[in-house]
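Visitor: For the sequence shown, this note's numbering assigns the number 1 to the initial residue and increments by one for each residue that follows.
Each residue gets a CB set at the ideal place from its N, CA and C atoms; glycine is no exception.
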Amino acid sequence: MNSKASIANDEYEVIGEAQWQVLENHGEEQVIKIHGYNYSKLRAAIFHIVCIGLCGLPYFVLAYYPKFTKLKYNKSSLRMAKNICVMDTEGAVTMVNVNEIQVSLLNGDNRLRYFLYRHTRFVWVNEQGAFINVLDLNEKMTVGFWMENMSGINKKQQTELLKLYGQNSVEVEIKSYWTLFVDEVFNPFYLFQLFSIILWSLDEYYQYATCVFILSAGSCMMALYQTKQMSINLHNMAGSSDHKSVHVLRPSLSGNESCVVGSERLVPGDVIVLPPDGCIMACDAMLLTGTCIVDESMLTGESVPVMKGPPCVSQEVYSTETHKRHTLFAGTHVIQTRFYGNTQVLAKVVRTGFYTAKGELIKSISFPKKFNFQFYKDAVKFVIFMFCIAAFGMAYSIWLYVLRGSSVGTIVLRTLDIITIVVPPALPAAMTAGIVYSQQRLRKNRIFCVSPPRIIICGKLQVMCFDKTGTLTEDGLDLYAVIPCEPSEKFGRCVSDIASLPASEPLVQALASCHSLTSIQGQLKGDPLDLKMFEFTQWVLEEPGPENNRYDNLIPAVVRPPMVNDGDLQNIENYDDPFNMEIPYEIGLLRRFQFSSSQQSMGVIARVLGQQQMIYFVKGAPEKVAGMCDQSTLPETFSKILNEYTSNGYRVIGLAYKKLDRKMKWLDAQRVKRETLECDMRFLGFLVMQNSLKPVTTQIIKELHDAHIRQIMVTGDNIMTAMSVARGCSMVQPQQKLVLVTAGAAAPDQRPPLCMEVVGEGGPPKLPIDGYVLALEGKTWAVIRTHYPDMMPTVVSRGMIFGRFGPDQKTQLVCALQDAGLIVGMCGDGANDCGALKAAHVGISLSEADASVAAPFTSQEQDIRCVKLLALEGRCALSTSFAIFKYMALYSLIQFFSILILYNFFSILGDNQFLYIDLVLTTLLALSLGRAAPGGRLSRRSPPVSLVAAASLLPLCAQVALVLAAQLAALYLLLDQPWYTPVQGSADFEQKLCWENTVIFIVTSYQYLIMACVYAKGWPFRQPFCTNYYMVATLLTQAVFITVMLLAPWTWLADLMEVEVLKTSEPEQNIFRIYMLLLPILHLILAIAIEATLSDTERFSSLVRLLRRRCSDKQEPAADVACPLWPPRSPSHAC
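(1) Specify the secondary structure class of Asn-83 as computed by DSSP and reduced to three states.
(2) What do you reckon, are the CB atoms on Val-261 and Cys-292 nearer than 8 Å?
(3) On the premise that Pro-934 lies in contact with Leu-872, defined as a C-beta separation below 8 Å, what is that separation, rounded to the nearest angstrom?
(4) Starting from Thr-159, follow the alpha helix (DSSP H) in both directions and report where the run begins and ends.
(5) Report back the beta-carbon spacing between Tyr-915 and Ile-908 to the nearest angstrom; my notes put them in contact at under 8 Å.
(6) Given that a residue counts as buried once 16 or more other Cβ atoms are within 10 Å of its Cβ, and exposed if not, what is Gly-874?
(7) Three-state secondary structure (DSSP) at Val-271?
(8) Can you list, in chain order, the residues of its chain whose CB lies under 8 Å from that of Ile-232, leaving out five sequence neighbours each side?
(9) In chain order, which alpha helix (DSSP H) runs of at least 4 residues are fully inside the region 915–960?
(10) How far does the alpha helix (DSSP H) with Lys-779 in it reach, from first residue to last?
(11) Does any CB atom of chain D fall closer than 8 Å to the CB of Cys-465?
(12) Could you give the distance in angstroms between the alpha-carbon of Val-558 and the alpha-carbon of Met-286?
(13) Output the distance between the C-alpha atoms of Leu-541 and Cys-279, rounded to the nearest integer angstrom.
(14) Since Tyr-604 contacts Arg-592 with CB under 8 Å, what's their CB separation in whole angstroms?
(15) Between the Cα of Ala-330 and the Cα atoms of Ser-169, Gln-229 and Thr-473, which residue gives the shortest distance?
(16) With a cut-off of 8 Å, do at least 3 Cβ pairs link the region 692–708 to the region 512–519?
(17) Give me the Cβ distance between Ile-418 and Ser-397, rounded to the nearest whole Å; I'm assuming they're in contact under 8 Å.
(18) Given a threshold of 16 other Cβ atoms within 10 Å of its Cβ, counted over all protein chains shown, does Val-824 qualify as buried or as exposed?
(19) DSSP on Leu-909, reduced to helix/strand/coil?
(20) If we ignore side chains and look at the alpha-carbon of each, how far apart do Gly-405 and Ala-987 end up?
(21) Is Val-822 helix, strand or coil by DSSP?
(22) According to DSSP, simplified to helix, strand and coil, what is Asn-97?
(23) Between the Cα of Phe-448 and the Cα atoms of Ser-845, Glu-1066, Cys-1013 and Ala-926, which residue gives the shortest distance?
(24) Below 6 Å CB to CB, which residues in the same chain sit around His-1069 once its five sequence neighbours on both sides are set aside?
(25) Which residues in the same chain as Val-508 place their Cβ atom closer than 6 Å to its Cβ, once the five residues preceding and following it in sequence are excluded?
(26) Using DSSP's beta-bridge definition, name the partner residues of Pro-484.
(27) Can you tell me which of Asn-912, Thr-1093 and Leu-1035 puts its alpha carbon nearest to the alpha carbon of Leu-954?
(28) Based on the DSSP secondary-structure assignment, which residues constitute the bridge partners of Cys-292?
(29) From the DSSP output, in three-state form, read off Phe-375 for me.
(30) Please give the ranges of any alpha helix (DSSP H) in the region 987–1026, keeping only runs that are unbroken, at least 4 residues long and fully inside the region.
(31) Suppose the cutoff is 8 Å on Cβ atoms and the five residues either side in sequence are ignored; what does the same chain contact list for Met-1031 look like?
(32) Starting from Ala-626, trace the alpha helix (DSSP H) both ways and give me its first and last residue.
(33) Within the region 1044–1093, note down every full alpha helix (DSSP H) run reaching 4 residues or more, in order along the chain.
(34) Label Pro-982 either buried or exposed according to how many other C-beta atoms from any shown protein chain fall within 10 Å of its C-beta, with 16 as the threshold for buried.
(35) Taking DSSP as the reference, what is the three-state secondary structure of Ser-504?
(36) Lys-244 and Ser-263 look like a contact to me (Cβ under 8 Å); what is the Cβ gap, rounded to whole Å?
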């Protein structure tokens, strides 16, 4: 993690000493600002006196606005500060302590000052007068520096470095239930519940207050249990406190000696000894000697074991990302170690604790990046709006009761009641219902989620990026053929049978040798491409154990043909010695250079048994391999043959070799740099692999296209292959034309030129940009970002195929799409996509792990069906949350109107009536709404996301007006009855059992059912209303119950619910009863009509567009005018 510190002074600080500083934390993509403070006893005393005087309310405010904690502190310079106030980019404030310890490693002052923020240690550097990240102390150390000392560090150095870096622990603290309870109690939801319970108790609603208290306590305990379980799961993922012992080397008089230390005491600079049977890595370490076979699925989601070896000694700055093929990461499983003779496999510790790759991932889960999703922002605005409505109701209540001459106690109780009614306390719990049910359904489909709030973001997915190999296409490749390069520098025939080529052919030797395969428990393991290639040769891989000294125990692996029929197998250099003919024909693999995404190739130094001269084989991207070769060895038809196969969807690998100097020995081979070998090579030919699409790919891509979800392919493979696959899976539509953007060679002091060619036509584009989609390679992307920033919007908006992209460039593309205001998803296998998966709003790792930390979502089904399922569940969850929010708002307003009406008639709802409405009707209906299942297909439009948009507010306001009209209609219908007798109330007396109460209670009970019925409609985002059996059952049972109360309640039921019994013997009351039954039916019809017309976003949008069209006569500027390389639109194409 690189951090840059910038220091500045503010107007109150001591001259010459900074009081604040900005730290750029690139590892976590955040910028923090720190201020120096010192604790003031006087300020703290005044603060606590004020808090106590205000009944402790400021303490609750501090729980959510910690920035006011600064009131207890005095400003100070950073050099003298004992407390640091940290503010992140989102405005969150945290106050941390500055610790001081004595460390003898430092020059001059042995006092080390540091503070911890989100598990990251920042240390004070006197020379710079600033705090820096402790990792920056090792920022510019080279590979050669790390490989210099192989004897390790002494115990004293280790003790001092432990003080500097802290313990090697990635433990996540499991908070006690008491700590969690204190945090939970300060939640505004529970504070509001507590306020409501006290208020209802004072108003003698004891039954209701008791029930709410029991439910709130149960909800709190459930929340505590879930939080505790999440903490335990994260703790287990990070690693338990059961630290293991590790063998480390310590310098001694005889050279070095092995010591056993606890893994928590490892520090950067320690040299650890890796056991032959493998281990779980406790830190990030760079290999010094030997090779390791590692399972990194826990971090990357990639289940294929990878082989790692030591780097070459160089002055290149070491980086765990750049040198990941030489780095063992914490948390990964070293399956097996390979060593030469009696040499131990050594690795040097480079990062410990939360600075390791695993630690950074755990931090990203503990402190997730917050996304500004429109729905959540609007929800807060809507709650504030409801508080404004409550203020209006409170003002009306005060005016009404003051006018009556009521006591102050009655006025206060009735006024505060309005708040508990307008802002429903059950809103947060109801809002999460849809997400909880969606998560359960996803788990049944083997899709796991470590961040449930992201499910709702899936509902607005706009762009989906796909890796190619293993995601859109089969993970395994079928070998189609090899195309040898003949001595005459021309391509020969297409060879599909290895038997037609002699075993001594350099091409066959390259196919058998240039791979990273290894044998684990008798089975070959490694990259699927390498497996197919090696199986094609029909050769055998042998890895001699320590007891096998067949010819040289320094050779880690040997390949040989299964049967020797060729009498001149080794006659590469026309050996004349007949004794050589009896030596078995074998090729020893002396050193492997693992595949690198940045170099797009791998190599191996090999030697044929019996020969002194070594050979270097390389395979990789044809363009890369061609750049390594002597140009005279490249066939004239190189590009033509390559384009012919790649444009037909084949994956093409280039092969080359080079005979090394006869004087090169084994030790030289271990030290030689890769760049020295990869030049002046001889081209051997092409390896052509067939990578077929997965069965479901084309169908899912078509469904995403029909749903207007843009698809992008971003792969490390050849751009021509990527374009062919995109055509094959219908990502590129038949009517769309592809424009390939390429960067040329740059002239001195000029930016590289860009060339645009329409694929299949051979010329530059002639139509407006709307008719094309763009394809480009990673190097072109780099050129455009650097030299053509004005073209980036065009690339981001029209780019579809991105080939030869490295891991960093994939992340850059995702971030560029996000900067354009799009909701972006990324689906990949987790190997080279970790950065992009973490950066995307919706990152999906195709992995067999239950929940890989590489991405928020993990699918155990190895195809892209998970994208469709997540989009469906996301739309369902978003639509459900939207519906529940509107239902809860209508529920509050229905009760708000009913209470204000009853206040006017000296009445109020009874205890059991409140209980029935809030805990039976509303709770059952809200939870039933949340159980709606997703629709069967993706529709063209996505659910609305803004609660305050006109398309949402207009139907909501119409429903509110209809609710009020229905209540007033029922009331005036009652007042018009000849048998009606009004309540004779007083200033402080309210009658619960009266006709006004009964009519309003019955009508509003029907209204709750009507609103639930209206908002239960969710097609096409949710299944039809009738399939939600819980909802149907709740509506039917409650409708029957309310109708019984209206028509003919039993005496005990009427007494329980505090309603008047209609007398069937009186004709006027029978007619009134029929009107009361018809009113909800009419309300239901009108409410459905409003929802079916005004809430239809397409109809509403078309109406708005029609109105705008009448007002706008100006032509919109062409979107591609800003692009300097795009032809201008002709008048016929102008908007």
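Guide: Straight from the coordinates:
(1) strand
(2) no
(3) 4 Å
(4) 155–165
(5) For the sequence presented, residue 915 should be read as Leu rather than Tyr. About 14 Å separates the two Cβ atoms, so there is no contact after all.
(6) buried
(7) Residue state, collapsed to three classes: strand.
(8) Ile-174
(9) 923–930
(10) 778–787
(11) This model lacks chain D altogether, as it is built from one protein chain only.
(12) 26 Å
(13) 25 Å
(14) In the sequence as presented, Tyr is not what sits at residue 604; that position holds Val. At roughly 5 Å, the Cβ-Cβ gap stays under 8 Å, so Val-604 and Arg-592 are in contact.
(15) Ser-169
(16) Too few Cβ pairs lie closer than 8 Å, so no.
(17) 6 Å
(18) buried
(19) coil
(20) Roughly 6 Å separates the two Cα atoms.
(21) A small correction: the amino acid at residue 822 is Leu; Val does not occupy that position in the sequence shown. Of the three classes helix, strand and coil, the one that applies to Leu-822 here is coil, per DSSP.
(22) strand
(23) Per the Cα distances, Ser-845.
(24) Checking the displayed sequence, the identity of residue 1069 turns out to be Gln instead of His. Closer than 6 Å at the Cβ level, and outside the excluded window around Gln-1069, lie Leu-1062 and Lys-1063.
(25) Leu-501
(26) Beta-bridge pairing links Pro-484 to Gly-685.
(27) Thr-1093
(28) Lys-308 and Thr-337
(29) helix
(30) 995–1015
(31) Closer than 8 Å at Cβ, skipping near neighbours: Leu-925, Ser-928, Leu-929, Arg-931, Ala-932, Ala-1012, Ala-1016 and Phe-1025.
(32) Following the DSSP letters along the chain, one finds Ala-626 inside the alpha helix (DSSP H) bounded by residues 622–628.
(33) 1051–1057 and 1067–1093
(34) exposed
(35) Of the three classes helix, strand and coil, the one that applies to Ser-504 here is coil, per DSSP.
(36) Indeed they touch by this definition, with Cβ atoms about 5 Å apart.
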